[in-house]
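Participant: Chains A and B, in that order, give the protein sequences. Under the working numbering, the residues of the first sequence are numbered 1431 to 1693, in order. Under the working numbering, the residues of the second sequence are numbered 1431 to 1693, in order. Handing you a structure now.
There are 2 protein chains.
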Amino acid sequence: MLQKQTSVPFLSNQNRDSIRSLPLFDGMLDSEKDEFLGKARLKNHVRGSYLFTQGDNVKSFYIIQSGVVRLFRTTPGGDEITTDILIKGDTICERKVFRYNTLHPDYALCVEDATLLEFPATWLRESVRKNTVLSLNILSILSLRSLLKDIESEHQSTMSTAQIVACFLQWMCSIHGFDPRGFELPYNKSLIASRLGMKQETFSRTLPRLRENGIDIQGTHVSFQNFNEVDKYTCENCSFMDDCRARKMMRDTINPASLAANA
Amino acid sequence: MLQKQTSVPFLSNQNRDSIRSLPLFDGMLDSEKDEFLGKARLKNHVRGSYLFTQGDNVKSFYIIQSGVVRLFRTTPGGDEITTDILIKGDTICERKVFRYNTLHPDYALCVEDATLLEFPATWLRESVRKNTVLSLNILSILSLRSLLKDIESEHQSTMSTAQIVACFLQWMCSIHGFDPRGFELPYNKSLIASRLGMKQETFSRTLPRLRENGIDIQGTHVSFQNFNEVDKYTCENCSFMDDCRARKMMRDTINPASLAANA
DNA sequence: CGATCGTTTGATCCGCATCAAGATAGGTGG
DNA sequence: CCACCTATCTTGATGCGGATCAAACGATCG
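If you want it as structure tokens, here you go:
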């Protein structure tokens, strides 16, 4: 069967389309997107391998196609701090690329086998110089990220561990498109705990309290039992308020009619 | 006495020069800088007034000329979280300007009488579209800010309150150009405490421990007594390591010869 | 079927928050 | 110049949340 040759031959049409729809490319022409994507190389990484380690030069920018990547730092004392856990569609290093002459402050470890699109950092910098839309998209992505970081550190000082976990589970649904009424955790609990800056024992101890507040967790299966109660337990104690994408998503799930009504 | 008319008439030459040298304008021509500055309005705010409050539209971008501005959020529970304290040369809202259709998540309160340059947000967005250098500068500023936030939240989970305070004092010197061998706190201790996410009582209790580790604080007067000890106490427990501007600055103060040697 | 990894549960400890009371300093008016 | 006031800071006593240390439990796998 004859199929039109794409300009990004190493990607399946489906993968190409899902990448084209990333926020990074908002408002760009398909031809521009593909020109950009054409500069990438598709690489496979096995579980346990590193994309880069602390002290490496920042050489690339990545888009995750599949798999799970954990970013973490280490202190000289030996503590590991997980700064992020990334999956399909997430980008890596879009921030560092714009700080010149610096080294990677963190490690990027593939927690699961992963496939990534890899772009030369210099090339991203040049593209930004040439393409205004791309540069505004990155500005917007960076500012959102940085806002979310602020919210998270607010939570660290105003919320209990259980509330933090509840908030995270909501975000998980929002970002990864899981159905809050029932989904499986995409990676293990100790990883989540470290991502949230707590010990796995502490994480474990939050589970009974979550059950009391509308979230049931059995093994890796999570299901939101009572949306209002969860909202009251977490979101009503957060300054993010109505601006929170995860909160909106939860509301739309509980009351899909409001979506249709807007149409 | 005849003086050459500047293109930014409402600024004294001295003020204009100090603003021209902000990182925001790195690599731009003086004429470009002045064109940009020409769009600003100079405004005075008395102590206790707000630049904006939670829920306002994001209408402006600011550069502080003098005074102290405190940014903080409030949770529905009534907690106030100080997210930043800004003084001369600092910019406000350079992040929010690039998130469309959002409201201010926080309050900006003048803790001291303040003078600010105020730019329409739309105008900054347009300038970025036209001026590549400006857009790269903002990308670089945003990525640095976001990195510093990461470091701070790392500290929250790996350092004691005393270590956090010690680190903050180093940064204070670095950012504001204070001499670590002796300087005055530019605002009061309870503000610092809230900025660092701790209670003022806790802050107060760190002081004896700081003295043991090379930092003497009497009233508002701070003096670093033993640079090596401070470094060992804080920086050697931080993953930022050699990339830390504050740490570098401290080293150069203790050993200015190394600066000359590089020349 | 034991070995290993991830998770849960239990007991204890420590750091910071909280509540409460002094101490110090700057400012005002008599 | 001193008495008083208020804001800021320090010090003290107590309690709680999460970390730590330790052990048991459960699932997966050779």
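Backbone N, C-alpha and C fix where the C-beta goes; we use that ideal spot for every residue, glycine too.
(1) From this set, Glu1465(A), Tyr1492(A), Gly1519(A), Asp1514(A), which residue's C-alpha is nearest asparagine 1445(A)'s C-alpha?
(2) May I have the straight-line CA-CA distance separating leucine 1454(B) from phenylalanine 1657(A), to the nearest angstrom?
(3) Can at least three beta-carbon pairs, one atom from the region 1541-1551 of chain A and one from the region 1592-1608 of chain B, be found at a separation below 8 Å?
(4) Note down the Cα distance separating isoleucine 1522(A) from leucine 1566(A), rounded to an integer number of angstroms.
(5) Can you give the Cα-Cα distance for alanine 1676(A) and tyrosine 1530(A), rounded to whole angstroms?
(6) Below 8 Å on the Cβ atoms is my guess for glycine 1612(B) versus serine 1653(B); work out the distance and round it to an integer in Å.
(7) Starting from lysine 1473(A), trace the beta strand (DSSP E) in both directions and tell me its first and last residue.
(8) Taking just the CA atoms, how far does lysine 1579(A) sit from isoleucine 1515(B)?
(9) Counting only beta-carbon atoms, is serine 1490(B) nearer than 8 Å to chain A?
(10) Leucine 1569(A) CB to nearest chain B CB: under 8 Å?
(11) Can you look up proline 1638(A) in the DSSP assignment and give me helix, strand or coil?
(12) Is there a Cβ of chain B sitting closer than 8 Å to that of asparagine 1658(A), yes or no?
(13) Which residue comes first and which comes last in the beta strand (DSSP E) that contains tyrosine 1480(B)?
(14) Excluding sequence positions up to five away, which residues of its chain have a Cβ less than 6 Å from the Cβ of lysine 1526(B)?
(15) Report yes if the C-beta distance between glycine 1497(A) and aspartate 1543(A) is below 8 Å; otherwise report no.
(16) Which residues in chain A have a C-beta closer than 8 Å to the C-beta of leucine 1574(B)? List them in chain order.
(17) For the beta strand (DSSP E) containing valine 1558(A), list its first residue and its last residue.
(18) With 16 other CB atoms within 10 Å as the buried threshold, where does phenylalanine 1440(A) fall?
(19) In chain order, what residues of the same chain lie with their CB nearer than 8 Å to the CB of histidine 1475(A), ignoring the 5 residues before and after it?
(20) Less than 8 Å between the beta carbons of serine 1624(B) and threonine 1505(B), yes or no?
(21) For alanine 1470(B), which of Ile1449(B), Asp1486(B), Asp1456(B), Gly1485(B) has the nearest alpha-carbon?
(22) Just tell me which of Leu1615(A), Ser1490(A), Leu1572(A), Leu1569(A) has its CA closest to the CA of threonine 1532(A).
(23) Taking its Cβ as the centre, do 16 or more other Cβ atoms sit within 10 Å of threonine 1636(B), making it buried, or is it exposed?
(24) Keeping to the same chain, check which residues put their C-beta closer than 8 Å to that of serine 1620(B); ignore five residues upstream and five downstream.
(25) Put lysine 1434(A) into one of helix, strand or coil per three-state DSSP.
(26) On the three-state DSSP scale, how would you describe aspartate 1486(B)?
(27) Opposite cysteine 1744(A) in the DSSP bridges: which residues?
(28) Assign histidine 1534(A) to one of two classes, buried (16 or more other C-beta atoms within 10 Å of its C-beta) or exposed (fewer than that).
(29) Name the residue from Lys1560(A), Ile1647(A), Ser1583(A) whose alpha carbon lies nearest to the alpha carbon of arginine 1503(B).
(30) Give me, in chain order, the residues of the same chain whose beta-carbon lies closer than 7 Å to that of phenylalanine 1466(B); leave out the 5 immediate sequence neighbours on both sides.
(31) Quick check on DSSP: helix, strand or coil for histidine 1651(B)?
(32) Under the three-state reduction of DSSP, which class applies to isoleucine 1494(A): helix, strand or coil?
(33) Is the beta carbon of isoleucine 1713(B) less than 8 Å from the beta carbon of proline 1616(B)?
(34) Could you check what DSSP says for threonine 1683(A) in three-state terms: helix, strand or coil?
(35) For the region 1590-1615 of chain A, list every residue whose C-beta sits within 8 Å of some C-beta in chain B, in sequence order.
(36) Select from the region 1445-1460 of chain A all residues with a C-beta closer than 8 Å to any C-beta belonging to chain B, and list them in chain order.
Facilitator: The short version:
(1) Gly1519(A)
(2) 45 Å
(3) no
(4) 18 Å
(5) 34 Å
(6) 4 Å
(7) 1471-1475
(8) 17 Å
(9) no
(10) yes
(11) helix
(12) no
(13) 1480-1482
(14) Val1488
(15) yes
(16) Arg1529
(17) Careful: valine 1558(A) lies outside any beta strand (DSSP E), inside the alpha helix (DSSP H) at 1551-1560.
(18) exposed
(19) Leu1481, Gly1497, Cys1540, Asp1543, Ala1544, Thr1545, Leu1546
(20) no
(21) Ile1449(B)
(22) Ser1490(A)
(23) buried
(24) Gln1630, Phe1633
(25) For lysine 1434(A), the predicted model reports a pLDDT of 49, less than 50, meaning its position is unreliable; a value from the coordinates is still stated below. Coil, per DSSP.
(26) coil
(27) No statement about residue 1744(A) is possible, as the shown extent of chain A runs from 1431 to 1693 and does not include it.
(28) buried
(29) Ser1583(A)
(30) Ser1557
(31) strand
(32) strand
(33) No answer is possible for residue 1713(B): the residues shown for chain B start at 1431 and end at 1693.
(34) helix
(35) none
(36) none
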